[in-house]
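Participant:
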Amino acid sequence: MARPPKFDRDEALGCAMKVFWEKGFDGASISDLTAAMGISPPSLYAAFGDKQSLFDAAVDLYEQDAVLSPALKAATARDVAEQIFSRAVDLYTRPAHPRGCMVIADPTLQDRRRSGKDAIVRRLQRAKRTGDLPADSDPRALADYLDLVLRGMSSKARDGATRAQLRAAADVALAAWPAPTRNLAD
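Sequential numbering of the sequence shown, starting at 1221, is according to my numbering.
1. Please list the terminal residues of the continuous alpha helix (DSSP H) segment that includes S1289.
2. Check whether the Cβ atoms of C1321 and V1279 lie closer than 9 Å to each other.
3. For the alpha helix (DSSP H) containing D1299, name the first residue and the last one.
4. Whose C-alpha, out of D1358, A1255, M1237 and D1299, is nearest the C-alpha of P1318?
5. Using the Cα positions of A1389 and R1383, report the straight-line distance between them to the nearest angstrom.
6. Does the beta-carbon of D1326 have 16 or more other beta-carbons within 10 angstroms, so that it is buried, or is it exposed?
7. Rounding to the nearest angstrom, what Cα-Cα distance links R1314 and G1351 in this structure?
8. Would A1256 and K1271 be called neighbours here (beta carbons separated by less than 9 Å)?
9. Rounded to the nearest angstrom, what separates D1406 and T1328 at their Cα positions?
10. Given this structure, state the Cα-to-Cα distance separating A1232 from V1323, to the nearest angstrom.
11. So, is P1359 buried or exposed, given that buried needs 16 or more other C-beta atoms within 10 angstroms?
12. From T1401 to S1357, what does the alpha carbon distance come to, in whole angstroms?
13. Measuring CB atoms only, is the segment 1256-1270 touching the segment 1294-1313, in the sense that at least three cross pairs come out at less than 8 Å?
14. Which residue wins for smallest C-alpha separation from V1341, given the options K1243, Q1330 and A1301?
15. With the cut-off set at 9 Å, would you say L1253 and L1274 are in Cβ contact?
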C-alpha cells in the first residue's frame, strides 16, 4: 500500500492561520481548512487534534509576528505606542495576508485581547513610575486609547484602507500621546 504524501506541518499551519484570520473560528469549516492546507480531514486530526487545537496553534503562530510583544519592549512609552501603530500598519496591510488583525476580528479571542491590553497597562504603569509618563496620566485609559485606535485601524484595513491611510491615522493618534514628565536622557 502506498504511503500518503507527507506535508509540511508548519506550512499547513500557516495556511490554516490565514483561513481562520479571514473567516474566524466559527466561519472556518473543516473543508475550508483542509482545502487550504492541502490535506485530508484525517490528516488534520492526526497532526493537530481537533479544530480548536488547530485554531489555538494558528493564533499562537499569528502572535509570533503580531503587534504587541516586540513593541512592549521599547525603551519609552511613546516608543511603545509608535511601534504598536507602525507594526499594525505593516501587519494589517500585508498583501500576502488577510487584512486587519486576526485577534481583534475573532469574537472567540476575547481573553487574548484582554491579556494583550493588560500587558499594555503593566508597561504603561512602569512608564508612569519612572517618569516616562506624567504623574497624572492614567495607564488604563491610555491602554484603552491604544486598543481603540488598533481596533479602528484593523476595521479600516478590513474595509480596504491603504497603508498610507492607516499611517496617517496612526500619526494623528500619536500626536495626542502625553509627553514624559522628565527628560529620560538625564
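Glycine included, every Cβ here is placed at the ideal spot set by N, Cα and C.
Facilitator: Judging by the given coordinates:
1. Counting from one through the sequence shown, the residue named residue 1289 turns up at place 69. S1289 -> alpha helix (DSSP H) spans L1288 to A1291.
2. If you number the sequence shown from 1, residue 1321 lands on position 101. If you number the sequence shown from 1, residue 1279 lands on position 59. It is not a contact, given that the beta carbons lie outside the stated cut-off.
3. The residue given as residue 1299 occupies position 79 in the sequence shown. Its alpha helix (DSSP H) spans residues A1297 to Y1312.
4. Counted from its first residue, the sequence shown places residue 1318 at position 98. Of D1358, A1255, M1237 and D1299, the residue nearest in Cα terms is M1237.
5. Translated into the one-based positions of the sequence shown, residue 1389 becomes position 169. Translated into the one-based positions of the sequence shown, residue 1383 becomes position 163. Rounded to whole angstroms, A1389 to R1383 spans 10 Å at the Cα level.
6. As a working note, residue 1326 is residue 106 in the sequence shown. Per the 10 Å Cβ criterion, buried.
7. Within the sequence shown, the letter at position 94 stands for residue 1314. Within the sequence shown, the letter at position 131 stands for residue 1351. Taking the straight line joining both Cα atoms gives about 36 Å.
8. Counting from one through the sequence shown, the residue named residue 1256 turns up at place 36. Counting from one through the sequence shown, the residue named residue 1271 turns up at place 51. Cβ distance not < 9 Å, so A1256 and K1271 don't count as in contact.
9. The residue labelled residue 1406 in the question sits at position 186 within the sequence shown. The residue labelled residue 1328 in the question sits at position 108 within the sequence shown. With a pLDDT of 49 at D1406, under the threshold of 50, the modelled position of this residue cannot be trusted, and the question is left open.
10. Locating residue 1232 in the sequence shown gives position 12, counting from the first residue. Locating residue 1323 in the sequence shown gives position 103, counting from the first residue. If you take the alpha carbons of A1232 and V1323, they lie about 20 Å apart.
11. The residue given as residue 1359 occupies position 139 in the sequence shown. Its Cβ being crowded by 16 or more others within 10 Å, P1359 is buried.
12. In the sequence shown, the residue the question calls residue 1401 occupies position 181. In the sequence shown, the residue the question calls residue 1357 occupies position 137. Rounded to whole angstroms, T1401 to S1357 spans 10 Å at the Cα level.
13. no
14. Walking along the sequence shown from the start, residue 1341 turns up at place 121. Comparing Cα positions, the closest option is A1301.
15. Looking up residue 1253 in the sequence shown gives position 33. Looking up residue 1274 in the sequence shown gives position 54. For the 9 Å CB-CB criterion, L1253 and L1274 form a contact.
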